[in-house]
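Residue numbers (this note's numbering): 1 to 665.
Positions of the beta carbon are idealized from the N, C-alpha and C atoms, including for glycine.
Because the structure is a prediction, the values reported are computed rather than measured.
Written out below as structure tokens is the structure these notes cover.
Right, here's the structure in full:
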């Protein structure tokens, strides 16, 4: 239902107003002239804007001066705009399956088995992000509209940043890589996400003579900075072939690069062994540099300084690294390859005096092992709740957030999942995913589900059945009744009595079932036949919901018995409907009229006692009317009464004769 519009505080009431109305999942804002009202919001699309709302309102105010004196604008401020982007549907749908699988996984797994399972879950999430990013990239390429192209490109950048952050959190928090393997994981992380130099590498390698290309040494430096020694050595071999005079120098550098100790993933060597090997190798590099072995070639001398971890030499190549975290990993590779996780706290190279961007703040918080700060910064910087909800849930399964409760009761995991699921419920189809997220929020999930499911527009019977099934599975009895009543009323307004009766029975609403039963009986009186026979014939125990519904079912049963020529059973049932006062008094004349064909049968159907009961019912019916009304009744009713009296008298006479004959014999 629409909520009355309100004037935004501070608006000038003498000229223009800015009115707004709160909907269940969005805010509608309307610039209007004095005295006019903004419309009501459509149901179920978005949510209260939080931090977005003030900016949106300010934007509306700022834009009001452009129109003429009678112009009016309408703005819809939504909570989670991203869920309406078609290309992000894969992200929401596929990650839902991963989330559910994680909740149902065997928590009994311990140690390495559990950690391996959680790392795999994290990789599955990242693969969904990357697949979605690829789809968005293709959409950007094929988009002809510049605005649409810009929108897709922005989403690609956001998804790329999300994967970058998630991958780092996976290394530091989920996998919790130990000293040695940690650096290898960080190198893979840099290689995967620092792609700015890839075009330069392709350009050099595709040229006819790579060693003569102007960017040749830049590519060699990039390979060295990323620890890609085999590729760097391969390129240097081309330079050695082109310069035979310097072949000895190249051979020495190649040997140093080849012998560089690298941490092992298989734990085949201890950290002490690794540090000793690295120290010997480092001394050898230092000796060649001091001997002036590479003095005649500044490029090779620079590479040797990088191998020694010379910070100035590395900083000289910062244009090739493009990011501070590339610099960080390179510096660690050549100065502290056995770095431990908690030794990653460092003074960061951010390049120049510029303040860090939101992405930098998030990555720095991760390197500082400030998980809660990572989640907080991501909540502020990213445009939807998907990322923080799923990352927090994964970290919670890693037992890393157990001690952190929010001051208003729910823990951080549940709070973020509730926010994300609430956003899903504003979408016409994604709301079904939100149900499962609410199911896995033990404290407030059910309350949120009850509130949101009542706001789902029941546009079709199929959708109503889907919502109803969800409520029934969770024993949400109030919501079941509410949905059934809504659908029953809709069906009744459309004169679909069978559907209306079916919904009212499911709602266990006796009053509404009585109302619809009366409509069925009224239609029968007007048309002489029942509609929706299949439903009425199969009411079963449901007919006990109300007396009128019981009568409808039994009256239909009477017609079925009569049609099957089971006259004695039909007569007994008909009489019972009146004598037991199951039938409404207004319907007695119809029942007595239905008795006429049975009274006129060749074979006597009604016994003397039954005939007397029918007579009493007829007299009760006619005696209940005032004399004046009797004379005012139309001729048809009067004729019916006379015919019934005659038929009953004749039947009684036949019965007495028959029963007397039987007694005499």
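Neighbourhood of residue i by C-beta, 8 Å cutoff - its chain only, sequence neighbours within 5 removed
i	result
residue 577	551, 554, 555, 558, 583 and 591
residue 170	119, 122, 123 and 126
residue 400	173 and 371
residue 338	179, 180, 183, 263, 271, 274, 275 and 278
residue 153	140
residue 92	83, 386, 424, 430 and 433
Segment limits, alpha helix (DSSP H) that includes residue i
i	result
residue 606	It is not in any alpha helix (DSSP H) - residue 606 carries neither H nor E in the DSSP assignment.
residue 412	412-424
residue 292	Segment: none, residue 292 is in no alpha helix (DSSP H) and carries neither H nor E.
residue 169	146-169
residue 191	181-193
residue 580	Premise fails: residue 580 is in no alpha helix (DSSP H) and is neither H nor E.
residue 474	It is not in any alpha helix (DSSP H) - residue 474 carries neither H nor E in the DSSP assignment.
residue 314	311-315
residue 525	510-527
residue 453	445-453
residue 441	Counting along the chain, residue 441 falls outside any alpha helix (DSSP H), and DSSP gives it neither H nor E.
residue 241	229-242
residue 175	Segment: none, residue 175 is in no alpha helix (DSSP H) and carries neither H nor E.
residue 500	497-507
residue 559	547-563
residue 318	318-321
residue 588	588-599
residue 390	386-397
residue 456	No alpha helix (DSSP H) holds residue 456; DSSP gives it neither H nor E.
Same chain, Cβ closer than 7 Å to residue i, five either side skipped, listed in chain order
i	result
residue 130	163
residue 397	102 and 118
residue 247	240
residue 299	217
residue 197	222 and 320
residue 454	479 and 482
residue 297	246 and 249
residue 644	592, 596 and 618
residue 184	263 and 265
residue 518	548
residue 387	162 and 378
residue 194	322, 323 and 326
residue 252	288 and 293
residue 573	554, 557, 558 and 561
When the options are compared against residue i, the one with the closest alpha-carbon
i	options	result
residue 371	394, 355 and 561	394
residue 615	589, 205 and 391	589
residue 424	438, 413 and 272	438
residue 448	464, 417 and 637	417
residue 390	83, 86 and 98	98
residue 415	441, 400, 143 and 215	441
residue 671	580, 420, 188 and 597	Since the first residue of the chain shown is 1 and the last is 665, residue 671 is not available in this structure.
residue 155	114, 635, 527 and 85	85
residue 451	254, 587, 426 and 602	426
residue 285	535, 529 and 335	335
residue 535	368, 526, 502 and 525	502
residue 175	116, 212, 210 and 613	116
residue 256	307, 575 and 145	307
residue 505	520, 488 and 521	488
residue 367	242, 167 and 521	167
residue 283	190, 305 and 466	305
residue 192	205, 165, 443 and 647	165
Residues near residue i by beta carbon distance below 6 Å, same chain, minus five either side
i	result
residue 688	The question about residue 688 has no answer here: the residues shown for the chain are numbered 1 through 665.
residue 280	none
residue 470	435
C-beta neighbour in chain D for residue i, strict 8 Å
i	result
residue 421	Reference to chain D is not applicable here, since this structure consists of a single protein chain.
Inset, instruction - Give a yes or no on contact between the stretch 258-273 and the stretch 170-183, applying the rule of three or more CB pairs nearer than 8 Å. - result: yes
Legend entry - Stretch pair the stretch 434-446 + the stretch 457-464: three plus CB contacts closer than 8 Å: no
Inset, instruction - Could you tell me whether the stretch 562-571 touches the stretch 490-509, where touching means 3 or more Cβ pairs closer than 8 Å? - result: no
Legend entry - Cβ pair count under 8 Å reaching 3, the stretch 645-661 against the stretch 597-611: yes
Inset, instruction - Say whether the stretch 248-261 touches the stretch 226-237, bearing in mind that this needs 3 or more beta-carbon pairs closer than 8 Å, one atom from each stretch. - result: yes
Legend entry - the stretch 296-316 in contact with the stretch 331-342 per 3-pair CB rule at 8 Å: yes
Legend entry - Touch test, the stretch 506-519 against the stretch 539-547, Cβ-Cβ under 8 Å, three pairs minimum: yes
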